[in-house]
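Down below is the structure, laid out as structure tokens.
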Amino acid sequence: MRITVIGTGYVGLVSGTCLAEVGNHVLCIDIDQGKIDRLNEGEVPIYEPGLEELVQKNVQAGRLSFSSNIKDGIDYGAVLFIAVGTPPDEDGSADLKHVLAVASDIGKYMNEFRVIVTKSTVPVGTADKVRDAVSNALQEKGASTEYNVVSNPEFLKEGAAVEDFMKPDRIVVGADDDRAIEMMRELYAPFNRNHERIIIMDIRSAEMTKYAANAMLATKISFMNEMANLAELLGADIESIRHGIGSDPRIGYYFIYPGCGYGGSCFPKDVQALRHTAKAVGYDAQILDAVEAVNKRQKSVLVDKIVKRFGDRLEGKKFAVWGLAFKPETDDIREAPSRTIMEALWRHGATIVAYDPVAEKEVVRIYGNRDDLTLVTDPYDALDDADGLIVVTEWKVFRSPDLDSMMSKMKTPVIFDGRNIFQPATIRKAGFEYFGIGR
């Protein structure tokens with residue numbers, strides 16, 4: 010099948026590449042010509058395990074190509090995926106201007122039947138707006154070309170996106186036309202061989218499924234962080250509690266790890282957007298409000314512990330930070346707890362020496378060169394004369410540290426473990442002060 014993916018961000022690039030990997034011919038469109046040139050040379054602008062190799066392989070095979078010409082893209086694919094960004098607006102709602110601009114372009118240039126698929130995470134009712142934008146553009150040129158709009162939300166985890174696309178848990182398709190449904194079934198047949206993964210539903214339900222899924226996962230995280238804070242006050246250990254409740258199959262072990270808050274491009278944005286949608290229809294979504302409030306507070310828990318240990322004035326203090334990305338296996342620092350922590354410590358006068366395996370370029374892009382921030386290429390280099398170590402991201406490389414080397418380097422052997430990756434007894438036995446989450 011010939012497919013066009015409009016938008017080569019995280020979702021668009023992974024989707025287009027994986028669709029090419031199973032034999033389709035895919036043209037990816039983006040308005041950033043510099044990005045297009047790099048992609049055609051096999052250079053991937055984001056860090057995602059396994060993605061760069063797949064891009065290079067499919068470009069060389071002639072199944073995957075990139076262009077900045079939107080007209081060519083609309084002429085090319087029988088299925089047109091809209092995968093452009095939907096950043097949060099000032100009021101927390103999803104900004105649909107890029108999605109609707111693409112829809113208008115499709116109506117402007119479309120000359121034969123197309124299935125138009127919203128792959129971006131969009132609020133309930135967006136398909137109607139896409140349909141209106143396409144229709145208005147067709148009317149302006151006096152055309153009556155047939156088309157169908159489909160909702161096909163993505164469920165990709167950063168750090169495991171290629172695996173998630175190639176071996177999906179489910180493939181949600183929101184559609185109201187048999188022809189469009191059949192084309193989507195044909196498209197996803199290579200990913201659906203082991204057992205039936207395609208779930209057909211109405212368009213509005215498909216649009217809401219994505220938001221409901223992310224809101225549920227965010228709720229589990231905030232609930233567990235709430236329990237962790239309470240456990241700490243009561244003298245209980247949240248890690249023991251986690252094992253105790255996770256063994257219940259009705260609860261399970263996924264997404265019940267306490268920590269210093271969630272971040273990234275999905276959970277914060279989607280919870281805010283769903284809250285805005287609820288308010289727009291006059292519904293008071295109290296759980297969603299609480300999920301966001303708890304997460305905002307949780308990002309400052311480690312700062313509160315640091316201030317309690319060292320005092321409010323941190324001038325002259327230097328803290329090592331291990332992990333800057335919002336989660337392992339990504340370079341994404343959007344809404345990352347590390348940013349809240351560093352910015353708070355800077356306000357208190359502290360300096361930061363930080364290490365992350367892949368997020369350094371993103372940190373420089375956001376913060377530039379600062380006198381109070383040093384980025385190093387070895388985690389142990391961050392510990393030289395440090396007044397404390399703050400673990401923010403649970404990268405595997407941090408899990409079995411050389412405690413003797415750490416002790417010899419640090420000025421003050423204090424560890425603030427924002428992901429509970431260390432055993433408190435082991436750390437304290439080695440001579441460190443230890444502050445975890447809910448322990």
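Numbering-wise (this note's numbering), the sequence shown opens with residue 10 and increments by one.
Yeah, the Cβ is synthetic: ideal placement off N, Cα and C, and Gly gets one too.
Paired residues, beta bridge with R97 - DSSP: The residue labelled residue 97 in the question sits at position 88 within the sequence shown. One point to set straight first is that residue 97 is Pro, not Arg, in the sequence displayed. BP columns for P97 point to A103.
Spatial neighbours of V133 within its chain, please: CB distance less than 7 Å, with the 5 preceding and 5 following residues excluded, ordered by chain position. Taking the sequence shown and counting its residues from 1, the one referred to as residue 133 is at position 124. So the qualifying residues of the chain are R213, E216, M217 and T286.
Please report the residue range of the beta strand (DSSP E) in which L333 lies. The residue given as residue 333 occupies position 324 in the sequence shown. Taken as a continuous stretch (DSSP letters only), L333 belongs to no beta strand (DSSP E), as it is neither H nor E.
Start-end ranges of the alpha helix (DSSP H) lying completely within the stretch 351-435, minimum 4 residues: 369-376 and 412-418
Sequence-distant residues of its chain with Cβ nearer than 8 Å to I260 (five each side left out): What you label residue 260 is simply residue 251 of the sequence shown in a count that begins at 1. So the list reads I254, once near-sequence residues are dropped.
Please state the DSSP three-state secondary structure of H34. Against the sequence shown, residue 34 aligns to sequence position 25. Residue state, collapsed to three classes: strand.
Which runs of the alpha helix (DSSP H) fall wholly inside the stretch 149-212 and span at least 4 residues, in chain order? You should have 170-175 and 187-197.
Relative to the C-alpha of N78, which candidate in G16, F425, L22 and G21 has its C-alpha closest? Here the question's residue 78 lines up with position 69 in the sequence shown. Measuring from the Cα of N78, the nearest candidate turns out to be G16.
If you reduce the DSSP assignment to three classes, tell me which class K327 lands in. Within the sequence shown, the letter at position 318 stands for residue 327. Correct three-state label for K327: strand.
For the 8 Å Cβ check, are there 3 or more pairs between the stretch 41-56 and the stretch 80-89? no
Close Cβ partners of Y118 (< 8 Å) along its chain, the five nearest in sequence each way excluded: Reading the sequence shown from its first residue, position 109 is the one you call residue 118. Closer than 8 Å at Cβ, skipping near neighbours: I79, K80, I83 and D84.
My understanding is that V20 touches K128, with C-beta atoms under 8 Å, so please give their C-beta distance in whole angstroms. Position 11 of the sequence shown holds residue 20. Position 119 of the sequence shown holds residue 128. Contact flag correct, Cβ pair sits at about 6 Å.
Hey, how far is the Cα of N304 from the Cα of A198? As a working mapping, residue 304 is identified with position 295 in the sequence shown. As a working mapping, residue 198 is identified with position 189 in the sequence shown. Taken atom to atom, the span from the alpha-carbon of N304 to that of A198 is near 39 Å.
S76 - containing alpha helix (DSSP H), residue span: Stepping through the sequence shown from its first residue, residue 76 is reached at position 67. For S76, there is no enclosing alpha helix (DSSP H); the residue is found in the beta strand (DSSP E) stretching over L73 to S76.
Identified DSSP bridge partners for E442: Stepping through the sequence shown from its first residue, residue 442 is reached at position 433. Paired residues: V423.
Could you check the C-alpha separation between Q244 and G377 for me, to the nearest Å? Your numbering for residue 244 matches position 235 in the sequence shown. Your numbering for residue 377 matches position 368 in the sequence shown. With the sequence shown as reference, residue 244 is identified as Gly, and Gln is not the correct amino acid for it. As the crow flies, the alpha-carbon of G244 is around 42 Å from that of G377.
Rounded C-beta distance between A221 and L297? I'm assuming under 8 Å. Taking the first residue of the sequence shown as position 1, residue 221 is located at position 212. Taking the first residue of the sequence shown as position 1, residue 297 is located at position 288. The Cβ separation is near 11 Å, so there is no contact.
DSSP beta-bridge partners for L89? Translated into the one-based positions of the sequence shown, residue 89 becomes position 80. Answer is T13 and I125, bridged to L89.
Using C-beta distances below 6 Å, list every residue in its chain close to D114, excluding the 5 sequence neighbours before and after it, in chain order. Translated into the one-based positions of the sequence shown, residue 114 becomes position 105. Counting only residues of its own chain and dropping the five nearest sequence neighbours on each side, D114 has a CB closer than 6 Å to the CB of I79.
Assumed close pair D34, R72 - CB separation to whole angstroms, cut-off 8 Å: The residue labelled residue 34 in the question sits at position 25 within the sequence shown. The residue labelled residue 72 in the question sits at position 63 within the sequence shown. Looking at the sequence provided, one finds His at residue 34 rather than Asp. With 8 Å as the limit, H34 and R72 qualify as a contact, their Cβ atoms being about 5 Å apart.
Own chain partners of A169 with C-beta closer than 6 Å, once the 5 adjacent residues on each side are dropped: Sequence index remark: in the sequence shown, residue 169 carries index 160 (1-based). Result list for A169: empty, nothing under 6 Å.
Thinking just about the alpha-carbon of each residue, which of R448, R11 and G151 is nearest to the one in N238? Position 229 of the sequence shown, counted from the start, is the residue given in the question as residue 238. The option with the nearest alpha carbon to N238 is R448.
If I measure Cβ to Cβ from E371 and keep anything under 6 Å in the same chain, skipping five residues before and after, which residues do I get? As a working note, residue 371 is residue 362 in the sequence shown. Around E371: D340 and I342.
Cutting at 7 Å between CB atoms, please list the residues of its own chain near D185, excluding the five before and the five after it. Within the sequence shown, residue 185 is the residue found at index 176, counting from 1. Leaving aside the five residues that flank D185 on each side, the residues in its chain whose CB is nearer than 7 Å to its CB run, in chain order, D211 and I212.
How far does the alpha helix (DSSP H) with F264 in it reach, from first residue to last? As a working note, residue 264 is residue 255 in the sequence shown. Counting along the chain, F264 falls outside any alpha helix (DSSP H), and DSSP gives it neither H nor E.
Count the other C-beta atoms from every protein chain shown that fall within 10 angstroms of the C-beta of E191, then say buried if there are 16 or more, exposed otherwise. Within the sequence shown, the letter at position 182 stands for residue 191. By the 10 Å Cβ count, E191 comes out exposed.
Suppose the cutoff is 7 Å on Cβ atoms and the five residues either side in sequence are ignored; what does the same chain contact list for R194 look like? As a first step, residue 194 is located in the sequence shown; it is residue number 185 there, counting from the start. Hits under 7 Å: I207.
Roughly how many angstroms separate the alpha carbons of S74 and F425, rounded to a whole number? Along the sequence shown, one-based indexing puts residue 74 at 65. Along the sequence shown, one-based indexing puts residue 425 at 416. About 46 Å.
Roughly how many whole angstroms lie between the Cα atoms of D396 and I315? Here residue 396 refers to the residue found at position 387 of the sequence shown. Here residue 315 refers to the residue found at position 306 of the sequence shown. Rounded to whole angstroms, D396 to I315 spans 10 Å at the Cα level.
In chain order, what residues of the same chain lie with their CB nearer than 7 Å to the CB of E248, ignoring the 5 residues before and after it? Along the sequence shown, one-based indexing puts residue 248 at 239. Taken in chain order, the residues that qualify are N429 and R448.
Looking at the structure shown, is M217 part of a helix, part of a strand, or coil, going by DSSP? Along the sequence shown, one-based indexing puts residue 217 at 208. It is helical.
Sequence-distant residues of the same chain with beta carbon closer than 8 Å to R437, five excluded per side: Taking the first residue of the sequence shown as 1, we reach residue 437 at position 428. Same-chain partners within the cutoff: Y443.
Go through its chain and collect everything with a Cβ distance to T349's Cβ below 6 Å, but skip five positions before and after it. Position 340 of the sequence shown, counted from the start, is the residue given in the question as residue 349. K308.
Which residues in the same chain have their Cβ closer than 8 Å to the Cβ of D293, if we skip the five residues on either side of it in sequence? Against the sequence shown, residue 293 aligns to sequence position 284. Contacts found: A287.
Reference E121; option with closest CA among V111, D141, P97 and V88: Stepping through the sequence shown from its first residue, residue 121 is reached at position 112. It is V88.
Rounded to whole angstroms, what is the Cα-Cα separation between A368 and R140? Position 359 of the sequence shown, counting from 1, holds the residue named residue 368. Position 131 of the sequence shown, counting from 1, holds the residue named residue 140. Straight-line Cα distance between these residues: approximately 39 Å.
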